[in-house]
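Take the sequence shown: its position 273, counted from the start at 1, is 322 in the numbering used here, and no numbers get skipped.
Data first, discussion second: the structure below is written as structure tokens.
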Amino acid sequence: MISVVVPAYNCSGFIVESVESCLAQQVDEALEVIVVDDASTDDTLAALAAFSDDERVIVLPQERNRGPAACRNLAIEAAKGDHIALLDADDLMLPGRLDAQLRMFREEGGGLAVCATWTIEELPSGRRKRINRFRPGRSRQEVVRRIFLGLISAITPTLFFRRADALAVGGFDEGLVHREDSDFILKLLERGEMRAVEQPLVVRRIREAGLSARIDEDAFVSSRQRFARNAAARYPFLDQHLPHYWARAHCILARKILGSDPARSRRLLWRSLRERPTFKAAAALAVACARGRASGGAAR
50 MISVVVPAYN CSGFIVESVE SCLAQQVDEA LEVIVVDDAS TDDTLAALAA
100 FSDDERVIVL PQERNRGPAA CRNLAIEAAK GDHIALLDAD DLMLPGRLDA
150 QLRMFREEGG GLAVCATWTI EELPSGRRKR INRFRPGRSR QEVVRRIFLG
200 LISAITPTLF FRRADALAVG GFDEGLVHRE DSDFILKLLE RGEMRAVEQP
250 LVVRRIREAG LSARIDEDAF VSSRQRFARN AAARYPFLDQ HLPHYWARAH
300 CILARKILGS DPARSRRLLW RSLRERPTFK AAAALAVACA RGRASGGAAR
């Protein structure tokens with residue numbers, strides 16, 4: 050059996066289509082879809098009632114919001130399948146995803162720990178673009194480095210792995226509110242290789258709410274500190290990449306807070322450029338400085 054794990058929070062307008070995309074998969078194993086509703090305040094649970102007569106769909110409502118890591122852990126514990134496939138509640142599986150990933154596991158044998166796919170991103174405007182987050186042919190150390198630095202990202206809803214391996218590594222770290230997915234992948238990589246199906250088999254739907262959501266800066270920093278400590282403890286060679294890691298983290302944070310705190314954003318971008326000069330940080334700094342001049346603030 051394959052168990053599809055779907056954490057859900059305030060996604061009433063997307064969840065039915067997402068679950069239907071799972072149920073439409075053609076695969077030669079039994080299938081179940083486990084949706085964990087993370088104390089949604091909208092009509093997500095009511096929307097899921099559409100599947101009340103389908104025994105393949107299991108809905109686990111939570112009384113309080115605990116975050117996606119806890120929801121995924123709960124579903125993995127409850128799963129009956131030997132293999133787990135992840136999907137986010139506002140995303141879609143394209144036809145053939147589960148069959149392709151299951152075949153890859155069977156062909157690779159015991160050396161494979163986790164399998165991803167390429168993706169298509171659907172923007173709020175409806176425009177779609179193909180995103181290839183992961184390419185084959187890299188050594189495990191190079192894959193670890195790229196995941197640590199965030200150079201391989203946004204692949205969580207494409208992941209496919211053994212339930213036994215997920216339980217053996219302790220599942221997702223519920224103490225992380227950022228990078229918990231990368232942390233989980235790095236733990237799985239201690240048990241085997243990572244491969245990708247070179248086809249876009251998941252549609253990631255980018256919501257306006259996600260683009261404009263405010264960020265808890267303290268949680269962002271503390272989670273990234275914890276993630277870095279855990280990763281370096283497992284893979285000591287990552288210590289040499291910490292300056293690059295923090296340069297990227299400061300650049301990401303600066304871009305997220307640009308609208309709410311442009312002065313702080315500019316300081317973070319200057320720091321990122323000192324740690325590791327990149328075109329992306331320089332371009333973001335130019336935008337931040339232009340915004341500061343337009344609002345009458347200092348450029349630095």
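Using N, Cα and C, we set each Cβ at its ideal position, and we do this for glycine too.
Specify the secondary structure class of residue i as computed by DSSP and reduced to three states.
i	result
Ala348	Residue confidence is low: Ala348 scores 43 on pLDDT, short of 50, so the model does not pin down where it sits. No coordinate-derived value is stated.
Val65	helix
Cys60	coil
Arg176	coil
Asp86	strand
Leu356	It is not possible to answer for residue 356, since the shown part of the chain is limited to 50 through 349.
Pro144	coil
Val106	strand
Glu157	helix
Ile204	coil
Glu171	strand
Asn122	helix
Ala127	helix
Arg316	helix
Arg297	helix
Phe183	coil
Ser101	coil
Ala372	The displayed coordinates of the chain run from 50 to 349. Any statement about residue 372 would go beyond what the structure contains.
Gln111	coil
Gln74	coil
Arg303	This sequence places Ala at residue 303; Arg is not what is there. Correct three-state label for Ala303: helix.
Ala138	coil
Where DSSP assigns a beta bridge to residue i, which residues make up the other side?
i	result
Phe210	Ile133, Val163
Glu81	Ser52
Just reading off the alpha helix (DSSP H) that residue i is part of, what are its end residues?
i	result
Met243	Note, Met243: premise wrong, no alpha helix (DSSP H); beta strand (DSSP E) at 242-254.
Asp232	229-237
Leu94	93-97
Ser272	266-283
Leu287	No alpha helix (DSSP H) contains Leu287, which DSSP labels as neither H nor E.
Val193	189-198
Can you name the start and end residues of the beta strand (DSSP E) that residue i belongs to?
i	result
Ser52	51-57
Taking residue i and residue j to be in contact with their CB atoms under 8 angstroms, please state how far apart those CB atoms are, rounded to whole angstroms.
i	j	result
Arg113	Val82	About 23 angstroms; that fails the 8 angstroms criterion.
Ser70	Met142	4 angstroms
Gln248	Phe209	The Cβ separation is near 13 angstroms, so there is no contact.
Ala118	Phe183	Contact doesn't hold; Cβ gap of about 21 angstroms is too wide.
Phe73	Pro173	It should be noted that the sequence gives Ala, not Phe, for residue 73. About 24 angstroms separates the two Cβ atoms, so there is no contact after all.
Ala162	Ile204	Going by Cβ atoms, the distance from Ala162 to Ile204 rounds to 14 angstroms, so no, they are not a contact pair.
message: Tell me whether the stretch 125-144 and the stretch 51-65 touch, counting them as touching only if at least three CB pairs, one residue from each stretch, are closer than 8 angstroms.
response: Contact holds: three or more Cβ-Cβ distances are below 8 angstroms.
- prompt: Do the stretch 93-100 and the stretch 154-165 meet, that is, are 3 or more Cβ pairs less than 8 angstroms apart?
  reply: no
The stretch 207-218 in contact with the stretch 234-250 per 3-pair CB rule at 8 angstroms: Segment contact: the stretch 207-218 against the stretch 234-250, three or more CB-CB distances shorter than 8 angstroms; contact assigned.
field: Given 8 angstroms, three or more beta-carbon pairs between the stretch 189-203 and the stretch 219-236
entry: Here the stretch 189-203 lies against the stretch 219-236, with 3 or more beta-carbon pairs under 8 angstroms apart.
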